[in-house]
Structures are given as structure tokens and as C-alpha cells.
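Participant: Got a structure here, written out as C-alpha cells. Questions coming.
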Amino acid sequence: MSSQDPNPKKNLIIDTDLFSDVDDAGALLLASTSPHVNLLGVLVNKPSTYSVLAASALISYYTRSQSKAIPIGVFRHPTSDGSVLPLPDTTFFDVVYWRLGEFASKIAFQFGSPSSPDHVKGPKGGPSIPWGHAEDAWDAVQLYRKLLSAADDESVTIASIGFLDNLSLLLDSKPDSLSPLTGRQLISRKVVELVVMGGRYPEGRKSWNFIGSDPNSLHHNGGQGLGLGPKGTANVVNNWPTLGKDGWKGRVVYVSDEVGGKVLTGGELVKKGPKGDPVGRAYGYYAYGEARPSWDPVAVLYAMDGLGELFKYDERYGHGRNWVSEKDGSNRWVWEVETKNQFVLALKADNEMVAREIDRLFLEGALNAAVERAGPMT
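So for the sequence shown, my numbering puts the first residue at 1; every next one is plus one.
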């Protein structure tokens, strides 16, 4: 009799810009509470003290019973002299709609600081990165290389729900003490699927995840981007490994800006979820209990569970690939007969049905975590 698990968990890495929209927090709730997922790590592509600390607090809260803390990495902009720029500690401030609230610093403190009554007790007694120690986060590229090198071949799914800067640097990374392979070779050997939330199809402009890290791009808090911008996006989208050049057998799935925009979730978690749930609290701070678009939860739900009854690949975009301009981040679908492993996700079910399933998973994960949190540490 085989001792192998007939239904092994999916190895998943989340690459998030957790900061200026709460749907990233919802996506982390899904990934960290799914019984079908082995969450290998969380990479933060928005360089921010509070993004790192909030990610650590959330993941530590929902994975309390695990014996090993899930590592957190953060984007570090390459500098000519090799120095590391300190992470900014500014908070989000909505100067576009003038109605959205800030949540990352609040969640980071309330669930990450020993002085808070909601302080998380994780596998090592607290969050993997406690309050005041954001600089202890892994360099994102180093963490990517560590996680991929340790994984089985063709076993890792990456869900990119933010800027693509970390992936761009990974793609260009060279052999090091963690692996004798280049980043391109590591991806080709270890990654089975890349899910990218961003872009419009068949063509579009100003997709936030494709342009928002540009140093010349205004952020919703009135500041500027702190990353690679369209150049990083174009590097990933246009130069990702292929079967012909690299022997890569995986697939790339794009989740357009339109797909999750009308899937409204989070309100039910605020109304019916445990009072002390951090993601429910985040939705309360950010949208005052109102349901929000689910761009990132939709992408992560697909990355976790596949097409199922909710999703399908858009038949209009077979045999082709995405292309992004490094100048302005605009994208368009390029028809190529030889390219058969890139897809655009579409909803099979209606918006309301997808929203009900995400809200159900939010509540289920939050309630299970609350019960576990109330019991003794094992």
C-alpha cells in the first residue's frame, strides 16, 4: 500500500501588496485557513513597515497551531552600492476617494505588539515578525530562492496579488548559496503555475498592479511608488520561462481587473464573524463594514482550488500570451499559435454566487481560528 497522500496539499506562495486595499487581507485569510493549502511563505511587494508587520500578524493568527512559523519576505530595491534601504513607516491615507480607512498599522500593532490584549500567540510565542522588528523580514528574492530550492519539482503555485517587482528580481537572480540555479532555472524546475492578478483583456491601460510601484506613480496615500514599476511588470510578463526556451511545463493564468470588481465580500465577516478576528476588523477599519471588491480573494481562490464550479478560462484568449509595455504598463493579448499555456480567468458562476462562497470561506476560516485560539497551545 502506498503511503503517499492521495490528496496532497497545494504548495502556495502569496506575493502581496498588503497596504492600501483590504482585499489582500481577505486573500491571506483564505490561503492560511484552507485545509487544502500548504502555505510556504508570504512575500510583500509593497515596501512598508506596516505591510510586513500586518502580514506577519495575520498569518501568525490563522496558523497558530502550526509547529513552524510561515516566513515573511519583503521587496528590497536594489542599490548601486549594495546597501539596504530602510522600510518606510508611513501609513495609508486615502486622498482619492476620501472615504477609505487605514488598517495595516492597526492590525500590525493590535495583533503583533506584546502590549496589546489581542497579541497573537504563534508557534514561537508570538508573530513571526513582532511589532517593531519589520527589518527582520527576509529579503524577498532570498526567501523565494530558499522556498523554491527546497520544494519538489513542478510543485509550487505562486499567486501574485500586487506588484510584480519581487518576481522580476527573482527571475533575474543568479546562483548563490541557496541554490546553484539561476532564478529562471529555479522557476522552470519548481513552479507549476503562476497566477497574476492584473491587466485588462484583450488590452488595457493603468492596471494598478502593473504600474503602481513606479517611483513616478502617485499612490493612494499621496506618496510615490517605491519599486520597479512597468519595467518590473514587463520583465515578468514578457520574459517568463516558456516550454520552448526553458522546458517549463507550467501555466500562467491572468485574473483581469474586471473579474473580481463586482464580487463584493467582507461585509458578512464584519457582521457575523468573531469579534476579535483580524481580517474582519481590517474590513471594518477600511470600509466601515461594507462589502468590498474581491480582486485578490478571487485570484487566490482560483490558485488554491482551480477552476471548480466557479471559474473557467476565457475561450476568447486561447493560443496566445500577454504582453506589457515597460514604458507605461499597458497590456495586450498577443495571438500565438505555439503558445498554449497562458490563460485569462473568467467567472463560470455569477458574481453573487462567487461572493457567497468567498464569504462562506471567510467565516469558516475565522470561526475555526477563533475556536483554536481559545484553546491551549499544543
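Glycine is no exception: its CB is placed at the ideal position from the N, C-alpha and C atoms.
Values in this document were obtained by computation on a predicted structure and should not be read as measured data.
Round the Cβ separation of residue 48 and residue 88 to the nearest angstrom and send it over; I've been treating them as touching at under 8 Å.
Facilitator: The residue you call residue 48 lines up with position 48 of the sequence shown. The residue you call residue 88 lines up with position 88 of the sequence shown. Residue 48 to residue 88, Cβ: 6 Å. Contact.
Participant: Have a look at 156, 281, 248 and flag the residue whose alpha-carbon is nearest the alpha-carbon of residue 340.
Facilitator: Against the sequence shown, residue 340 aligns to sequence position 340. Closest option to residue 340, Cα to Cα, is 248.
Participant: Quick one: complete alpha helix (DSSP H) runs, 4+ long, within the segment 192 to 232?
Facilitator: Fully enclosed alpha helix (DSSP H) runs of 4 or longer: 208 to 211.
Participant: Apply the 10 Å Cβ neighbour rule to residue 127 and answer buried if 16 or more other Cβ atoms are within range, or exposed otherwise.
Facilitator: Taking the first residue of the sequence shown as position 1, residue 127 is located at position 127. Buried: at least 16 other Cβ atoms inside 10 Å.
Participant: Considering residue 7, what are the terminal residues of the beta strand (DSSP E) in which it resides?
Facilitator: Here residue 7 refers to the residue found at position 7 when the sequence shown is read from its first residue. Per DSSP, residue 7 belongs to no beta strand (DSSP E) and is neither H nor E.
Participant: On the DSSP bridge assignment, give the partners of residue 348 in chain order.
Facilitator: Walking along the sequence shown from the start, residue 348 turns up at place 348. None, per the DSSP bridge assignment.
Participant: Which same chain residues, not among the five before or five after residue 264, have their C-beta less than 6 Å away from its C-beta?
Facilitator: Residue numbering aside, residue 264 sits at position 264 when the sequence shown is read from its first letter. Cβ within range, chain order: 291, 355.
Participant: Where does residue 291 sit, in a helix, a strand or coil, going by DSSP?
Facilitator: One-based indexing of the sequence shown puts residue 291 at position 291. It is coil, neither helix nor strand.
Participant: Can you look up residue 84 in the DSSP assignment and give me helix, strand or coil?
Facilitator: As a position in the sequence shown, residue 84 is number 84, starting the count at 1. Correct three-state label for residue 84: coil.
Participant: How is the alpha helix (DSSP H) around residue 108 delimited, first residue to last?
Facilitator: Here residue 108 refers to the residue found at position 108 when the sequence shown is read from its first residue. Taken as a continuous stretch (DSSP letters only), the alpha helix (DSSP H) holding residue 108 covers 104 to 112.
Participant: Checking the sheet assignment: what are the DSSP bridge partners for residue 72?
Facilitator: Mapped onto the sequence shown, residue 72 falls at position 72. In DSSP, residue 72 forms a bridge with 42.
Participant: Note down, in chain order, each residue of its chain lying with its Cβ closer than 6 Å to the Cβ of residue 226, except the 5 sequence neighbours on either side.
Facilitator: Within the sequence shown, residue 226 is the residue found at index 226, counting from 1. Result list for residue 226: 47, in chain order.
Participant: Per DSSP, what kind of secondary structure is residue 378 in: helix, strand or coil?
Facilitator: Within the sequence shown, the letter at position 378 stands for residue 378. In this prediction, residue 378 scores a pLDDT of 46, lower than 50, which makes its location untrustworthy; no coordinate-derived value is stated.
Participant: For residue 358, which beta-bridge partners are listed by DSSP?
Facilitator: For the purposes of this step, residue 358 is taken as the residue at position 358 of the sequence shown. Looking at the DSSP assignment, residue 358 forms no beta bridge with any residue, so it has no partner.
Participant: In chain order, what residues of the same chain lie with their CB nearer than 8 Å to the CB of residue 114, ignoring the 5 residues before and after it?
Facilitator: Numbered from its first residue, the sequence shown carries residue 114 at position 114. Once the five neighbours on either side are set aside, the close Cβ partners of residue 114 are 126, 130, 131.
Participant: Just to confirm the assignment, what range does the alpha helix (DSSP H) spanning residue 270 have?
Facilitator: Taking the sequence shown and counting its residues from 1, the one referred to as residue 270 is at position 270. Where residue 270 is concerned, the enclosing alpha helix (DSSP H) stretches over 267 to 272.
Participant: From 103, 210, 18, pick the residue whose C-alpha is nearest to that of residue 328; which is it?
Facilitator: Mapped onto the sequence shown, residue 328 falls at position 328. Comparing Cα-Cα distances from residue 328 to each of 103, 210, 18, the minimum goes to 210.
Participant: According to DSSP, is residue 283 part of a helix, a strand, or is it coil?
Facilitator: Residue mapping note: residue 283 aligns to position 283 of the sequence shown, counting from 1. Note: residue 283 maps to helix in three-state DSSP.
Participant: Start and end of the alpha helix (DSSP H) containing residue 166?
Facilitator: For the purposes of this step, residue 166 is taken as residue 166 along the sequence shown, with counting starting at 1. That run of the alpha helix (DSSP H) goes 165 to 171.
Participant: Can you find at least 3 beta carbon pairs, one from the segment 304 to 311 and one from the segment 14 to 29, that sit closer than 8 Å?
Facilitator: No, the segment 304 to 311 is not in contact with the segment 14 to 29.
Participant: Using a threshold of 8 Å, state whether the C-beta atoms of residue 241 and residue 177 are closer than that.
Facilitator: Position 241 of the sequence shown, counted from the start, is the residue given in the question as residue 241. Position 177 of the sequence shown, counted from the start, is the residue given in the question as residue 177. No, the Cβ-Cβ distance between residue 241 and residue 177 is not below 8 Å.
Participant: Alpha carbons only, please: which of 363, 44, 304, 347 is nearest the one belonging to residue 268?
Facilitator: Sequence index remark: in the sequence shown, residue 268 carries index 268 (1-based). For residue 268, the closest C-alpha among the options 363, 44, 304, 347 is that of 363.
Participant: May I ask you to verify whether the segment 248 to 259 touches the segment 67 to 74, counting CB pairs closer than 8 Å and requiring at least 3?
Facilitator: no
Participant: Rank 121, 320, 57, 30 by C-alpha distance to the C-alpha of residue 358 and give the top, closest one.
Facilitator: Position 358 of the sequence shown, counted from the first residue, corresponds to residue 358. Selected option, being the one with the closest Cα: 30.
Participant: Can you check which of these residues, 315, 158, 63, is closest to residue 346 by C-alpha distance?
Facilitator: As a position in the sequence shown, residue 346 is number 346, starting the count at 1. When each option's Cα is compared against that of residue 346, the closest is 315.
Participant: What are the boundary residues of the alpha helix (DSSP H) that residue 59 is part of?
Facilitator: Within the sequence shown, the letter at position 59 stands for residue 59. Note, residue 59: alpha helix (DSSP H), 49 to 62.
Participant: Assuming contact is defined by CB atoms lying nearer than 8 Å, are residue 235 and residue 168 in contact in what I supplied?
Facilitator: In the sequence shown, residue 235 corresponds to position 235, counting from 1. In the sequence shown, residue 168 corresponds to position 168, counting from 1. Their beta carbons are under 8 Å apart, which means residue 235 touches residue 168 by this criterion.
Participant: Rounded to the nearest angstrom, what separates residue 370 and residue 100 at their Cα positions?
Facilitator: To locate residue 370, count along the sequence shown from 1; it is residue 370. To locate residue 100, count along the sequence shown from 1; it is residue 100. Those two C-alpha atoms are separated by around 27 Å.
Participant: Using beta carbons (cut-off 8 Å, strictly below), is residue 203 in contact with chain D?
Facilitator: Protein chain content of the structure displayed is limited to a single chain, and chain D is not contained in it.
Participant: Quick one: residues in its chain with C-beta nearer than 7 Å to the C-beta of residue 325, no 5 flanking neighbours on either side, listed in chain order?
Facilitator: Sequence index remark: in the sequence shown, residue 325 carries index 325 (1-based). Around residue 325: 230, 234.
Participant: Quick check: residue 366 and residue 280, are their CB atoms within less than 8 Å of each other?
Facilitator: Indexing the sequence shown from 1 puts residue 366 at position 366. Indexing the sequence shown from 1 puts residue 280 at position 280. Cβ distance < 8 Å, so residue 366 and residue 280 count as in contact.
Participant: Tell me the start and end of each unbroken beta strand (DSSP E) in the segment 291 to 344 that is at least 3 residues and wholly inside, in chain order.
Facilitator: Listed in chain order, the complete beta strand (DSSP E) runs (minimum 3 residues) inside the segment 291 to 344 are 311 to 313, 320 to 324, 331 to 335.
Participant: Here's the rule I'm using: 16 or more other beta-carbon atoms within 10 Å means buried, otherwise exposed. How should residue 213 be labelled?
Facilitator: Counted from its first residue, the sequence shown places residue 213 at position 213. Residue 213 should be labelled buried.
Participant: Go through the segment 125 to 166 residue by residue and report every complete run of the alpha helix (DSSP H) that reaches 4 residues or more, in order.
Facilitator: Scanning the segment 125 to 166 for uninterrupted alpha helix (DSSP H) segments of 4 residues or longer gives 140 to 150, listed from N- to C-terminal end.
Participant: Does DSSP put residue 17 in a helix, a strand or coil?
Facilitator: Locating residue 17 in the sequence shown gives position 17, where the first residue counts as 1. Residue 17 falls in the coil class under three-state DSSP.
Participant: Classify residue 99 as helix, strand or coil using the three-state DSSP reduction.
Facilitator: For the purposes of this step, residue 99 is identified with residue 99 of the sequence shown, where counting begins at 1. Three-state DSSP puts residue 99 in coil, outside helix and strand.
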